[in-house]
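Chains as they are written, first to last, in the working numbering: chain B, 20 to 156; chain A, 20 to 156.
A short worksheet on the structure shown next.
There are 2 protein chains.
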Amino acid sequence: MAKKYYTRHRKDLLEYLQAHADLDYTVAKLHKAMKEEGYTMGIATLYRQINSLFKEGYLTPIQRDDGAEQFQYLKNPRECFVHYHLKCKVCGRLYHLDCTFMEDLEEHVKKEHGFLIDRSDSMLYGRCSDCVGKEDK
Amino acid sequence: MAKKYYTRHRKDLLEYLQAHADLDYTVAKLHKAMKEEGYTMGIATLYRQINSLFKEGYLTPIQRDDGAEQFQYLKNPRECFVHYHLKCKVCGRLYHLDCTFMEDLEEHVKKEHGFLIDRSDSMLYGRCSDCVGKEDK
DNA sequence: TTGCGTGCAAAGGTTTTGCATGGCA
DNA sequence: TGCCATGCAAAACCTTTGCACGCAA
Numbered sequence: 020m021a022k023k024y025y026t027r028h029r030k031d032l033l034e035y036l037q038a039h040a041d042l043d044y045t046v047a048k049l050h051k052a053m054k055e056e057g058y059t060m061g062i063a064t065l066y067r068q069i070n071s072l073f074k075e076g077y078l079t080p081i082q083r084d085d086g087a088e089q090f091q092y093l094k095n096p097r098e099c100f101v102h103y104h105l106k107c108k109v110c111g112r113l114y115h116l117d118c119t120f121m122e123d124l125e126e127h128v129k130k131e132h133g134f135l136i137d138r139s140d141s142m143l144y145g146r147c148s149d150c151v152g153k154e155d156k
Numbered sequence: 020m021a022k023k024y025y026t027r028h029r030k031d032l033l034e035y036l037q038a039h040a041d042l043d044y045t046v047a048k049l050h051k052a053m054k055e056e057g058y059t060m061g062i063a064t065l066y067r068q069i070n071s072l073f074k075e076g077y078l079t080p081i082q083r084d085d086g087a088e089q090f091q092y093l094k095n096p097r098e099c100f101v102h103y104h105l106k107c108k109v110c111g112r113l114y115h116l117d118c119t120f121m122e123d124l125e126e127h128v129k130k131e132h133g134f135l136i137d138r139s140d141s142m143l144y145g146r147c148s149d150c151v152g153k154e155d156k
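What follows is the structure, given as structure tokens:
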């Protein structure tokens, strides 16, 4: 199941994603965007690579964009299990929230509401400081 | 854009959703489930009604179920704008979190991280007290 | 050389749309 | 009666899959 070969396409994809992290993509948009920068890859291959990256934890699903799955690249997959994420609904940027306040939140929700929060799956949406006052997308 | 007629199909759908709130559905699953309880409705009509309910705020999107949009009915759409949601990844139930701790969280994130959280869009995932220890779905 | 990766085209699902007909107000 | 809602089938998408060939190790 794990990838065994580090192919040109995989290299291209990781390179592109790393250069454009913190942005949202659907497979179709990513395919088009990569083509415009000179990368060529069959759409089926892209789907297969994307699925691998999901399984490996490099990608995280994002609020849906009409009709297609949307995702985002995470620079440090392992680290992302230990903190929360803030996502700006205007510019689409992802912020990694690493602070003790969230631990207090977990503790509170656990004690008072009997609920165990899963950090890596939980995303808080809103507007970042750059986008306060701007329109929702 | 707003619905004008309260048709039999719309009545059936709301009736069914109210009777089975706190559960997740894809349009296909809902269609099948309703059919089994004797309701008849064309799939296209169901899609159109679901879209209306989304626009009216009765439905909220949920983590995706392979290949299809998933959603959940909210009993009190207006109230849901003022609190947070906890979603159990095992049983699928939605919990409405109404407590001052979350206000503190908002305040903290705003002051320390310059980020304005949008309550109605933010969902925390995890395991509820009934499901702690059980497998993830 | 071995076996995974890729491209193409076809298949399988989901969601939307056009049009004639039905039904609410 | 005037419009919106509905059903059906077709169309438009998105995603997966089979197969033969290409390529990394």
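The C-beta atom is built at its ideal place from N, Cα and C for all residues, glycine as well.
Everything numeric in this text was worked out from a predicted model, so none of it was measured.
Q. By the criterion of Cβ-Cβ separation under 9 Å, what are the contact partners of H132(A) in chain B?
A. Position 113 of the second sequence holds residue 132(A). Those are L105, Y114, L116, C118, C147 and S148, listed as they occur along chain B.
Q: Compare the Cα-Cα distances from T79(B) to each of S148(B), D149(B) and M142(B) and report the closest residue.
A: Counting from one through the first sequence, the residue named residue 79(B) turns up at place 60. Among S148(B), D149(B) and M142(B), the Cα nearest to that of T79(B) belongs to M142(B).
Q.
Mapping the DSSP letters down to three states, classify H104(B) as helix, strand or coil.
A. Counting from one through the first sequence, the residue named residue 104(B) turns up at place 85. Of the three classes helix, strand and coil, the one that applies to H104(B) here is strand, per DSSP.
Q: Leaving out five residues on either side along the sequence, give the residues of the same chain with a beta carbon under 6 Å from the beta carbon of F134(A).
A: By 1-based counting over the second sequence, the position of residue 134(A) is 115. Answer for F134(A): V128, listed in chain order.
(Q) If you reduce the DSSP assignment to three classes, tell me which class T79(A) lands in. (A) If you number the second sequence from 1, residue 79(A) lands on position 60. It is a strand residue.
Q | Cross-chain neighbours of E55(A) in chain B, by beta carbon under 9 Å | A | Taking the second sequence and counting its residues from 1, the one referred to as residue 55(A) is at position 36. Here the premise fails: no neighbours, minimum Cβ distance about 27 Å.
Q. What span of residues does the alpha helix (DSSP H) with H50(B) cover, start to end?
A. Residue numbering aside, residue 50(B) sits at position 31 when the first sequence is read from its first letter. It spans V46 to E55 - the alpha helix (DSSP H) in which H50(B) sits, taken as one unbroken run.
Q) Out of curiosity, what's the CA-to-CA distance linking A40(A) and Y24(A)? A) For the purposes of this step, residue 40(A) is taken as the residue at position 21 of the second sequence. For the purposes of this step, residue 24(A) is taken as the residue at position 5 of the second sequence. If I take the Cα positions, the gap works out to 23 Å.
Q: Give the range of the alpha helix (DSSP H) segment to which L36(B) is assigned.
A: Here residue 36(B) corresponds to residue number 17 of the first sequence, with the count starting at 1. Taken as a continuous stretch (DSSP letters only), the alpha helix (DSSP H) holding L36(B) covers R27 to A38.
Q | Near-chain B residues of the segment 64-89 of chain A - C-beta to any C-beta below 8 Å | A | P80, Q82, R83 and E88
Q: Flag K48(A) as yes if its beta-carbon sits less than 9 Å from any beta-carbon of chain B, otherwise no.
A: On the second sequence, position 29 is the one that residue 48(A) refers to. Answer no: the Cβ-Cβ gap between K48(A) and chain B never drops below 9 Å.
Q. With which residues is R146(B) paired in a DSSP beta bridge?
A. Counting from one through the first sequence, the residue named residue 146(B) turns up at place 127. BP columns for R146(B) point to L135(A).
Q.
Strictly under 9 Å for the Cβ-Cβ distance: is V151(B) near chain A by that measure?
A. As a first step, residue 151(B) is located in the first sequence; it is residue number 132 there, counting from the start. Chain A contact via Cβ: present.
Q: Keeping to the same chain, check which residues put their C-beta closer than 6 Å to that of D117(B); ignore five residues upstream and five downstream.
A: The sequence position of residue 117(B) within the first sequence is 98, counting from 1. The answer, listed in chain order, is H102.
Q: Please classify L116(A): does DSSP put it in a helix, a strand, or coil?
A: For the purposes of this step, residue 116(A) is identified with residue 97 of the second sequence, where counting begins at 1. The answer is strand: DSSP assigns L116(A) an E or B state.
Q. CB R97(B) to CB C147(B), shorter than 9 Å?
A. Sequence index remark: in the first sequence, residue 97(B) carries index 78 (1-based). Sequence index remark: in the first sequence, residue 147(B) carries index 128 (1-based). It is not a contact, given that the beta carbons lie outside the stated cut-off.
Q.
DSSP three-state label for D43(A), please.
A. Looking up residue 43(A) in the second sequence gives position 24. Here D43(A) sits in strand by DSSP.
Q | Of the residues K51(A), I62(A), C150(A) and I136(A), the one placed nearest Y144(B), counting alpha carbons only | A | In the first sequence, the residue the question calls residue 144(B) occupies position 125. Comparing Cα positions, the closest option is I136(A).
Q. Who are the Cβ neighbours of V46(B) in its own chain at under 8 Å, not counting the five residues just before and after it?
A. Residue mapping note: residue 46(B) aligns to position 27 of the first sequence, counting from 1. Within the same chain, V46(B) has close Cβ partners I62, L65, Y66, I69, A87 and E88.
Q: Would you please verify whether the beta carbon of L42(A) is less than 9 Å from any beta carbon of chain B?
A: In the second sequence, counting from the first residue as 1, residue 42(A) sits at position 23. It does not; no Cβ of chain B falls within 9 Å.
Q) Looking at M60(A) and the ligand SAM, is the gap between the Cβ and the nearest heavy atom below 8 Å? A) Among the components modelled here there is no ligand, and therefore nothing to report on the ligand SAM.
(Q) Judging by CA-CA distance, which residue of K51(B), C110(B), I81(B) and D43(B) is the nearest neighbour of G152(B)? (A) Taking the first residue of the first sequence as 1, we reach residue 152(B) at position 133. Out of K51(B), C110(B), I81(B) and D43(B), C110(B) has the C-alpha closest to the C-alpha of G152(B).
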